[in-house]
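With the working numbering applied, the sequence shown corresponds to residues 2 to 256, in that order.
Each residue gets a CB set at the ideal place from its N, CA and C atoms; glycine is no exception.
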Amino acid sequence: AEIEGLVSQGVREVTLVGQNVNSYRWAGTGFPRLLRQVCRVIGLERVRFITSHPKDLGQELLEAMAGEPSACEHLHLPLQSGSDRVLIMMNRGYTAAEYLAKARMARSLVPGLSLTTDVIAGFPGETEDEFRMTMEVMEEAGFDEAFTYKYSPRQGTAAGDLPGQVPDDARQERLERLIALRQKLALSSNLRMAGQTVEVMVEGPSRHGQGQHFGRTRGNKPAAFGSERALKPGELVRVLIEQTTTATLRGRAVN
2 AEIEGLVSQG VREVTLVGQN VNSYRWAGTG FPRLLRQVCR VIGLERVRFI TSHPKDLGQE
62 LLEAMAGEPS ACEHLHLPLQ SGSDRVLIMM NRGYTAAEYL AKARMARSLV PGLSLTTDVI
122 AGFPGETEDE FRMTMEVMEE AGFDEAFTYK YSPRQGTAAG DLPGQVPDDA RQERLERLIA
182 LRQKLALSSN LRMAGQTVEV MVEGPSRHGQ GQHFGRTRGN KPAAFGSERA LKPGELVRVL
242 IEQTTTATLR GRAVN
């Protein structure tokens with residue numbers, strides 16, 4: 002009812018938010034069923050959700066994404082580390098191999114999936130070899146985008162009391178290597194879209210001048226594009242991707 006009310010006010014895209022959407026249960030309804038119900042609200046063009054926990058991600062949710070036209074082909078699946086030992090210390094509940102198996106399943110079941118993640122550098126006890134494992138898993142997963150962080154000690158947390166705290170300069174150096182890899186992966190992902198015509202939802206005018214607009218693809222990639230006609234936020238347009246950067250797709254609206 003809340004989403005139907007939003008649609009009646011002109012909303013065309015919603016994002017379902019939870020720390021772990023896969024754990025949603027209400028009156029016998031799990032998240033895959035909820036996603037299908039939301040996607041079938043008349044007038045709603047796009048449905049997104051964040052965040053999925055790798056240990057709970059299952060085939061049923063991926064099939065719901067693939068089967069509902071308004072479900073966007075974007076999955077944010079936090080990796081955090083590619084080291085099994087570090088994942089145990091983080092209490093994540095999965096191994097690197099299990100994560101990669103889920104990532105492969107997601108790409109096989111959801112055509113054109115944009116897979117994004119979170120990664121932490123310098124968690125207490127992380128060795129140089131274990132950090133390299135994280136980078137190797139990132140490369141193998143082929144993420145379309147990654148949000149990278151360095152571990153920050155916080156008083157009163159379980160991690161803050163762990164032995165083997167990584168010095169800040171080492172954490173920073175590892176973060177910089179993560180950022181460089183993230184840029185490489187994001188650029189590679191964007192370059193694969195060059196020459197394609199994709200659906201973009203207009204968010205507003207671009208700062209690049211008159212007739213320039215900004216929006217996002219179904220895979221949640223930022224897109225800047227020109228249009229010969231005035232466009233309003235919420236409009237869906239077809240955009241031919243002509244150039245790409247690490248962060249943005251660039252092109253022009255086409256009929």
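query: Could you tell me which of V87, F226, A248 sits nearest to F124, measuring between CA atoms?; result: V87
query: Starting from A107 and walking both ways along the alpha helix (DSSP H), at which residues does that stretch end?; result: 97 to 110
query: Is there contact here, the region 64 to 78 with the region 32 to 41, by at least three beta-carbon pairs under 8 Å?; result: yes
query: For D162 and D130, I'd like the C-alpha separation in whole angstroms.; result: 22 Å
query: Pick from R13, R253, L232: whose alpha carbon is nearest that of L241?; result: R253
query: My guess is that T149 and A171 are in contact by the Cβ rule of under 8 Å, so how many angstroms apart are they, rounded?; result: Wrong, their Cβ atoms sit about 15 Å apart, outside the cutoff.
query: Please go through the same chain and pick out, in chain order, the residues whose beta-carbon is closer than 8 Å to the beta-carbon of V111, but skip the five residues on each side of it.; result: L63, M66, A67, E74, L76
query: Which residues does DSSP pair with E146 in a beta bridge?; result: T117
query: For the beta strand (DSSP E) that R239 lies in, which residues bound it at each end?; result: 237 to 245
query: Check whether the Cβ atoms of R47 and E5 sit closer than 8 Å, and answer yes or no.; result: no
query: With DSSP run on the structure shown, which of helix, strand or coil describes E14?; result: strand
query: Mapping the DSSP letters down to three states, classify A72 as helix, strand or coil.; result: strand
query: For V203, does the three-state DSSP call read helix, strand or coil?; result: strand
query: Am I right that A224 and R217 are in contact with their C-beta atoms under 8 Å? What's the rounded C-beta distance?; result: 7 Å
query: Could you give the residue range of the beta strand (DSSP E) that holds V39?; result: Careful: V39 lies outside any beta strand (DSSP E), inside the alpha helix (DSSP H) at 32 to 40.
query: With H, G and I counted as helix, E and B as strand and the rest as coil, what does DSSP make of I43?; result: coil
query: Report buried or exposed for A1, applying the criterion of at least 16 other Cβ atoms within 10 angstroms of its Cβ.; result: Given that the chain is displayed from residue 2 to residue 256, the structure contains no residue 1 and the question cannot be resolved.
query: Which two residues bound the contiguous alpha helix (DSSP H) that contains G6?; result: 3 to 9
query: Pick out whichever of G220, K233, Y100 has its Cα sitting closest to the Cα of T249.; result: G220
query: Are the beta-carbon atoms of P154 and Q166 separated by less than 8 Å?; result: yes
query: Give the range of the beta strand (DSSP E) segment to which R217 is assigned.; result: 213 to 218
query: Leaving out five residues on either side along the sequence, give the residues of the same chain with a beta carbon under 6 Å from the beta carbon of L17.; result: F50
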